[in-house]
Every structure is written in C-alpha cells, then in structure tokens.
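Student:
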Amino acid sequence: MDVVANIIELKPNTLDRVEEWAKTLNERADEAIETLRDEGVKIESWFHLSLDGNDYLLCYMRAESIKKAHEVVQSSPHAIDAYHQQFKKDTWVTGKSARLLVDLVDGNSAERVRDICGSDS
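This is the structure we're talking about:
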C-alpha cells in the first residue's frame with residue numbers, strides 16, 4: 660500500500676474556484692468514489708491552508724499503487740476526472756511531495772511495517 664501527501668501552491672485569486680471544485684466533488688461523491696475504485700485508491704483527502712499570504716492544497720492519498728492510480732486517471736472515461744484535470748490547470752502553480760515519516764494504522768502488522776520502511780527486518 661502506498662501513502663502520499665502533496666502540497667500544491669494555488670494561483671492567486673482562485674479560492675472561489677477551489678470552493679466550487681470541492682462542492683462539486685462532494686455533490687458527485689458517488690462518481691468520484693467510482694473513479695477511486697478504478698484507480699485502486701482507498702483514501703483521498705484534500706485540505707486548504709493559507710501560509711504567509713499564499714494559498715495551498717494538501718492532498719493525502721492511500722492507494723494500492725500511486726503509480727497505477729496516476730496511469731489509470733490519464734485514460735479515465737469518468738467526466739469527474741476530466742473536471743478535476745481542468746481544475747488543476749486552472750488553479751495549480753506547482754506541487755511537491757512530502758516524505759513519509761510515520762504511518763500508524765490500527766492493527767498494524769510486521770508486514771505493513773516492512774512495506775513502509777522498505778526492509779526485511
């Protein structure tokens with residue numbers, strides 16, 4: 660299972676568009692969740708934050724394979740995915756991936772710890 664967090668810098672004066680996007684995703688949750696299933700994504704959460712006068716989105720995802728999820732979305736037949744891709748073009752400046760430091764899951768197994776740490780011990 661892959662876990663990622665990304666911070667995305669937003670273009671100035673796009674918060675109204677961000678609110679519209681969030682409202683649309685929430686209203687079309689059934690369609691959005693169907694795309695998550697296609698992509699192998701188990702959790703996708705989005706947050707807004709303002710720092711030093713700039714606006715950012717923080718995205719958290721847990722998926723079977725982030726690489727597979729990105730590949731699937733490129734050829735997705737779902738209209739909600741096309742909507743999301745256009746939203747990115749309209750509002751994003753740049754994004755950066757965070758480095759995973761801790762991933763606690765209730766019922767965590769030794770196998771899960773090996774997956775996260777990348778070792779056999």
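Under our numbering, the first residue of the sequence shown carries the number 660, and numbering increases by one thereafter. All residues carry an ideal CB built from backbone N, CA and C; glycine is no exception. Predicted, not measured: the structure shown is a model, and the values here were computed from it.
1. Using the Cα positions of K727 and F706, report the straight-line distance between them to the nearest angstrom.
2. In whole angstroms, give me the CA-to-CA distance for V772 and S709.
3. If I measure Cβ to Cβ from Y715 and keep anything under 8 Å in the same chain, skipping five residues before and after, which residues do I get?
4. Do M660 and A722 count as a contact pair if the criterion is CB distance below 9 Å?
5. To which residues of the same chain is D689 closer than 7 Å at the C-beta, ignoring the five residues directly before and after it?
6. Straight-line CA distance for L759 to C718?
Tutor: According to the structure data:
1. By 1-based counting over the sequence shown, the position of residue 727 is 68. By 1-based counting over the sequence shown, the position of residue 706 is 47. Spanning the two alpha carbons is a distance of roughly 23 Å.
2. Residue numbering aside, residue 772 sits at position 113 when the sequence shown is read from its first letter. Residue numbering aside, residue 709 sits at position 50 when the sequence shown is read from its first letter. Its pLDDT being 47, under 50, V772 is placed unreliably in this model, and the value from its coordinates should be taken loosely. V772 and S709: Cα-Cα distance of roughly 33 Å.
3. If you number the sequence shown from 1, residue 715 lands on position 56. Excluding positions up to five away in sequence, the list reads I666, I667, E668, L669, H707, L708 and S709.
4. Within the sequence shown, numbered from 1, the residue matching residue 722 stands at position 63. Within the sequence shown, numbered from 1, the residue matching residue 660 stands at position 1. Yes, these two residues count as a Cβ contact at 9 Å.
5. Taking the first residue of the sequence shown as position 1, residue 689 is located at position 30. Excluding residues within five positions, none has a Cβ falling inside 7 Å.
6. Along the sequence shown, read from residue 1 onward, the residue named residue 759 stands at position 100. Along the sequence shown, read from residue 1 onward, the residue named residue 718 stands at position 59. About 13 Å.
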